[in-house]
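Residues in the sequence shown are numbered consecutively from 3, following my numbering.
In what follows, a structure is listed as structure tokens, so that the remarks can point back to it.
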Amino acid sequence: MANCKICLLPGDGIGPEIIAEGCKVLDAVGAKRGMTFAYTEALIGGCAIDACGTALPQETLDAANVSDAVLLAAVGGPKWDTTDPDAPRPEQGLLGIRKALGLYTNLRPVQIFSALADASTLKPEIVDGVDMMIVRELTGGLYFGKRERFYNEEGAGTNGAAGQRAYDTLEYREYEIERIARQAFEAARKRRNKVTSVDKANVLETSRMWREIVHRVHDEEYPEAELEDLLVDNAAMQLINRPADFDVVMTENMFGDILSDEAAQITGSLGMLASASLGDGVALYEPSHGSAPDIAGRGVANPLAQILSVEMMLRYSFNRGDAADDIRRAVTAVLDEGWRTGDIKDADTPADHVVGTAKMGDLVVERL
């Protein structure tokens, strides 16, 4: 495979540091497996706001659309935090590119590397065997519904006085739920064939429709799969109580955003979790963590989630399971040897085995 075209979106904070390590590993595994990569870098997030006045310039979308895959690092930071509804925010770049590329499915694997079991805040016997895939609907729901904030002369304030009002609209269409349900059941077929559908059907009409459609897709197309329903508040509790019981967890956009970060903490660090955003065209891959502006530029960020996002890219966009497995084995070997970045070290980690961003990337390359 020659010149696989990758659109790089380093973004903000630690983004440029960790994406460099992702490319380093990608080039190394490419040399081993006979693949070459051509990179095009573009702006997204806060850096795009500074340069272009918008979090998602048209030039970025154009570059993404002519690529074979998109590799994103992280966006955001306090510099661009605002409550002004008319001001651009870095997160608008993420939402915008997902919508523009039709990336309606987000896959977030949550797996325990045995060498990092002690890094979890949960007891070892609780996290033993954790291996789940969170399937999140990514282009519908509350994040994309109509929203408004306005001043109302009557009834918005205390005791009916004038004051501000705001609303956000949670809306789903039947086909949006059908297609994410199929993605979840297809993912389950390749795993343990169990799907947990998370909703709030005791309160929300969208969740009642969600549950009805998910059960219809199950009964008509995937009757061999095990299906259970969990209310989102109960799901949040059970992810901590019995995380190893979950296989595929499917949910709508906002619930998935929250639960996937909760599940990430089971592994001990967001710095270890990759994600893939898939649709009907160009796919996007990114770590699940943020831009960590407090450590940006210091060379201490954990690049492993970015590197594992490269693994997912090879697996899903290029159908190169061999190269993806190489990266997984290399990361596992580095961790088994006791190498750690600061976020995943513990009291027993020798000082000479605590490494920075570039060194961690080098170690993975060496194990390849």
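Every residue, glycine too, gets a C-beta built ideally from N, C-alpha and C.
>> Using C-beta distances below 7 Å, list every residue in its chain close to A53, excluding the 5 sequence neighbours before and after it, in chain order.
In response: Scanning its chain for C-beta atoms nearer than 7 Å, with the 5 sequence neighbours on each side dropped, one finds around A53 the residues L45, in chain order.
> Where are the alpha helix (DSSP H) runs, 4 residues long or more, that stay fully inside the region 37 to 80, in chain order?
Replying inline: Every alpha helix (DSSP H) of 4 residues or more that sits fully in the region 37 to 80 is shown, in chain order, as 48 to 54 and 60 to 67.
> Given a threshold of 16 other Cβ atoms within 10 Å of its Cβ, counted over all protein chains shown, does G131 qualify as buried or as exposed?
Replying inline: By the 10 Å Cβ count, G131 comes out exposed.
>> Rounding to the nearest angstrom, what Cα-Cα distance links A164 and Y153 in this structure?
In response: For A164 and Y153, the gap between their C-alpha atoms comes out near 8 Å.
> Start and end of the alpha helix (DSSP H) containing S262?
Replying inline: Where S262 is concerned, the enclosing alpha helix (DSSP H) starts and stops at N255 to I268.
> Where does D133 fall in DSSP's three states?
Replying inline: It is a strand residue.
> Alpha carbon to alpha carbon, what distance is there between T334 and P90?
Replying inline: Straight across, the Cα-Cα distance linking P90 with T334 is about 40 Å.
> So which of A326, P92, G24 and G17 has the shortest CA-CA distance to M362?
Replying inline: Closest by alpha carbon: G24.
>> Taking the beta carbon of E230 as the centre, do at least 16 other beta carbons fall within 10 Å, making it buried, or is it exposed?
In response: With fewer than 16 other Cβ atoms inside 10 Å of its own Cβ, E230 counts as exposed.
> Straight-line CA distance for L63 to G47?
Replying inline: Each residue's Cα considered, the two are about 13 Å apart.
> Using 8 Å as the threshold, is the region 8 to 20 in touch with the region 295 to 310, meaning 3 or more CB pairs across them?
Replying inline: Verdict: yes, contact present.
>> Given this structure, state the Cα-to-Cα distance separating G78 from I51, to the nearest angstrom.
In response: Answer to the nearest angstrom: the Cα atoms are 10 Å apart.
> Along the chain, which unbroken stretches of the alpha helix (DSSP H) at least 4 residues long are found entirely within the region 304 to 339?
Replying inline: Fully enclosed alpha helix (DSSP H) runs of 4 or longer: 306 to 318 and 323 to 338.
>> Measuring only the C-alpha atoms, how far is Y2 from L124?
In response: Any answer about residue 2 is impossible in this case: the structure gives the chain only from 3 up to 370.
>> Helix, strand or coil, according to DSSP, for E214 in the structure here?
In response: When DSSP states are grouped into helix, strand and coil, E214 belongs to the helix group.
> Which term fits E288, buried or exposed, when burial requires 16 or more other beta carbons within 10 angstroms of its beta carbon?
Replying inline: Per the 10 Å Cβ criterion, buried.
> Whose C-alpha, out of R149, Y177 and E178, is nearest the C-alpha of Y169?
Replying inline: Of R149, Y177 and E178, the smallest CA-CA separation from Y169 is found for R149.
>> Assuming the contact rule is C-beta atoms closer than 8 Å, L337 and L118 should be a hit. Round their C-beta distance to whole Å, please.
In response: Between L337 and L118, the beta carbon gap of about 6 Å places them in contact (Cβ cut-off 8 Å).
>> I need the DSSP call for G273, collapsed to helix, strand or coil.
In response: DSSP places G273 in helix when its eight states are reduced to three.
>> Suppose you measure from the CA of P126 to the CA of A265; what does that come to, to the nearest Å?
In response: Our two residues, P126 and A265, have alpha carbons roughly 15 Å apart in a direct line.
> Rounded C-beta distance between S311 and S277? I'm assuming under 8 Å.
Replying inline: Right, their Cβ atoms sit about 7 Å apart.
> Taking C-beta to C-beta, are Q185 and V112 nearer than 7 Å?
Replying inline: No; because the gap between Cβ atoms is not below 7 Å, this pair is not in contact.
> Thinking C-alpha only, which one of K101, K26 and L11 is nearest A65?
Replying inline: The candidate whose alpha carbon is nearest that of A65 is L11.
> Looking at L365 and D328, is the spacing between their C-beta atoms short of 7 Å?
Replying inline: Not in contact: D328 and L365 (Cβ atoms no closer than 7 Å).
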